[in-house]
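Residue numbers (this note's numbering): 258 to 372.
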């Protein structure tokens, strides 16, 4: 019998978090169906045979640009939140003598974390 989260040990506390498992499954399925619906609508808008307004190539391309930018912003936001959690959960890594002496490391984490 495989555990719900295969990369964790069988006795890990997250293996018994049923509400977390349900939330992750729902979020994954919801994101896949939303992407599928979005992409299908853009193709239908470009084709124009089943719409009242006819072919809407410019609007569909603009929709793809908006969708791509939303994905990039979500990715960057996720990286910033993950870095924030990493710093908060591991303060001993960032308070070492090396980071106290080398201000360029702090500058890098402060201004380049969005990349």
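Ideal Cβ placement from N, Cα and C applies to all residues, glycine included.
Three-state secondary structure (DSSP) at residue 312? coil
Residue range of the unbroken alpha helix (DSSP H) whose run includes residue 262: Per DSSP, residue 262 belongs to no alpha helix (DSSP H) and is neither H nor E.
Kindly provide the ranges of any beta strand (DSSP E) runs that are 3 or more residues long and lie completely inside the region 261-288, ordered along the chain. none
With the cut-off set at 9 Å, would you say residue 308 and residue 299 are in Cβ contact? no
Between the beta-carbon of residue 278 and the beta-carbon of residue 263, is there less than 9 Å? no
For residue 312 and residue 305, which I take to be in contact (beta-carbon distance under 8 Å), what is that distance rounded to the nearest angstrom? Contact flag correct, Cβ pair sits at about 3 Å.
Using a Cβ-Cβ cutoff of less than 6 Å, which residues in the same chain neighbour residue 332 once the five nearest sequence positions on both sides are dropped? none
Residue 307 by DSSP, collapsed to three states: which one? coil
What's the C-alpha gap between residue 274 and residue 290? 25 Å
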